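Quick mapping for you: the protein sequence lines, in order, are chains A and B.
Numbering-wise, full-length UniProt numbering puts 6 at position 6 of the first sequence, and it's gapless, one number per residue.
Numbering-wise, full-length UniProt numbering puts 90 at position 90 of the second sequence, and it's gapless, one number per residue.
Take a look at the structure set out below.
Number of protein chains: 2
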Amino acid sequence: MSEGVEWAVHCCVVLTSVAAPVPAARLAELHQVSPTYLAKQLQALARAGLVFSVQGKSGGYVLSRPPAEITLLDVVEAIDGPEPAFVCTEIRQRGPMATPAEYCTTPCPISRAMAASESARRDALRSVTIAGLAEQVEAGSGAGTLNGVAAWLGSTGT
Amino acid sequence: MSEGVEWAVHCCVVLTSVAAPVPAARLAELHQVSPTYLAKQLQALARAGLVFSVQGKSGGYVLSRPPAEITLLDVVEAIDGPEPAFVCTEIRQRGPMATPAEYCTTPCPISRAMAASESARRDALRSVTIAGLAEQVEAGSGAGTLNGVAAWLGSTGT
DNA sequence: GGTCAGGTACTCGGATAGAGTATGTCCGAGTGAGTAGGG
DNA sequence: CCCTACTCACTCGGACATACTCTATCCGAGTACCTGACC
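Shown next, in the form of C-alpha cells:
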C-alpha cells in the first residue's frame, strides 16, 4: 500500500481539532515528511472531496465534513485509488482449453473469492471513522493531545 | 496486487485434477501466458511448500497437499509475500510534537485499524480452499471440465 | 533375457535486462491579507 | 475616519525527474528416462 496513505490519515486526524486552514508545509513539518510529496497527497484528498483547499495568505487545508462522516476507507481510496487490487484478466477464456464466452455469464470463482476478500477489507475500513481514530488517540496519548497539536499548528514557531 | 497471483491460483486449480507432474511450460501454454515468468511464480509456490517440483524428463509441478488443505491465502502469500500491505512508520514519534516512546506501548490507532482490515481480508482468503474453487469451476463450466483440462495437460499435442 | 553404464533430452533454479508505478521535486497560477493613498 | 485600489507574500496546483518493484527473459545445474552393450 502507498506510504502516503499513512501520512494522509494522520493529517486528517490532526485536522479534526483545528478550525483554521493548515498549510501543507506545516503538516509536513509536524510529521517530518517531505513537504512537496505530502502536498501531493493532500491534493488527492481535495480531489476526493474530503478536504477543502483554500488559497491565499492564510490558506491551507480543512476537513470538508464532520470527522464522524469521514471513514478510513474514504482516505485510503482517495490516495490509493478506488479500483480493487485484484483484477480478473479472464484467463479462463484464453488458451486451447478456453471456456467459451457464452458460459462466462458470472465472474469466475477466483474473481469472486478475491472480490469477497476485498469487500471484507473495505467493510473493515469503512467501520472506522476519523472521529473514532481521534478519540482513540486522545485515550491513548492523554486527553488534550490533539488540542496541543492544534495549538502548535496555529502558532508560528517551531 | 501482483498479476502472478491470478496465474498461480489458476495453476493450483487445474493441478487438482492431475496426478503426474505438469511442466511449467505446459501450464503457460494452457493459460497463454509468459512461460518463463509463470515458472518464476511456480518457483515461489514451491518455496512456500504448496507444490513439489520434480526434475527430469517427465518432471514438473504437483500439489504437495490435498486441495482442501490449501487456502487462497496460502497462494496469495506465497506470491505477494506474507508481510502486510500497511506498515506503520511510527509517525507519532517524530516531529516537534512527537509522542514520547514510553507512551507508545500499544500500536497507534491507525495501525490497529489497518491491521484489522488486513486481518479481515486474510480471514476471507483463508476461508476459501483450492478444492472449493475447483468445485465451483465444475459447477459453473460443467462437470468434467477439469478432467478435460487434465487430459489435455497429459497429452502432447496442442 | 536381465542388468548396468552411458548419453540425452527435458526439467527446474537462480542470475540477468526492461517497463511501469510510486516517490520526490520544482516552478508557475491564483488569491486573500495587509497597506498606502485618497476622499 | 472610512473607503478603495494596489502590492505582496503566501498558498495551492499541475508538470517534471528519480528510485524501486513488477514483469519478462536467458542460460546453467540437475535428474529421470531411454538406449545400447555386456553378462
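Here a beta-carbon is modelled for each residue, glycine too, at the ideal position from N, C-alpha and C.
All figures in this text were calculated on a predicted structure; none of them were measured in a lab.
Of the listed residues the options, nearest to residue i (C-alpha basis)
i, options, result
"A131 (chain B)", "B:A120, B:V9, B:E118, B:G4", "B:V9"
"P67 (chain B)", "B:K57, B:C11, B:T99, B:L30", "B:C11"
"Q93 (chain B)", "B:G81, B:E83, B:P84, B:T106", "B:T106"
"E3 (chain B)", "A:A20, A:T89, A:E83", "A:T89"
"P21 (chain A)", "A:T36, A:Q55, A:V5", "A:Q55"
"T156 (chain A)", "A:A19, A:V5, A:P23, A:V13", "A:P23"
"F86 (chain A)", "B:V76, B:P82, B:I91", "B:V76"
"L133 (chain A)", "A:S64, A:A19, A:L72", "A:L72"
"G59 (chain B)", "B:P100, B:A19, B:T145", "B:A19"
"V149 (chain B)", "A:K40, A:T99, A:S64, A:R65", "A:T99"
Beta-carbon gap between residue i and residue j smaller than 8 Å
i, j, result
"N147 (chain B)", "S17 (chain B)", "yes"
"W7 (chain B)", "L50 (chain B)", "no"
"A78 (chain B)", "L27 (chain B)", "no"
"G95 (chain B)", "Q43 (chain A)", "no"
"R47 (chain B)", "R121 (chain A)", "no"
"M1 (chain B)", "D80 (chain B)", "yes"
"V5 (chain A)", "V137 (chain A)", "no"
"M114 (chain B)", "W152 (chain A)", "no"
Cβ distance (whole Å) where residue i is taken to contact residue j below 8 Å
i, j, result
"Y61 (chain A)", "L30 (chain A)", "With a Cβ gap of about 13 Å, Y61 (chain A) and L30 (chain A) do not count as contacting."
"E135 (chain A)", "P84 (chain A)", "Rounded, the Cβ-Cβ distance is 30 Å, inconsistent with contact."
"A124 (chain A)", "A116 (chain B)", "5 Å"
"Y103 (chain B)", "S34 (chain A)", "26 Å between Cβ atoms; not a contact."
Any non-hydrogen atom of the ligand FAD closer than 7 Å to residue i Cβ
i, result
"R26 (chain A)", "By its list of ligands, the structure shown contains no ligand whatsoever, and the ligand FAD lies outside what it can speak to."
Is it a yes or a no for the segment 106-119 of chain B touching the segment 117-129 of chain A, going by three-plus beta-carbon pairs under 8 Å? Contact holds: three or more Cβ-Cβ distances are below 8 Å.
Quick check on the DSSP output: what are the complete beta strand (DSSP E) runs of length 3 or more inside the segment 48-128 of chain B, in order along the chain? Qualifying beta strand (DSSP E) stretches, in chain order: 51-54, 60-63.
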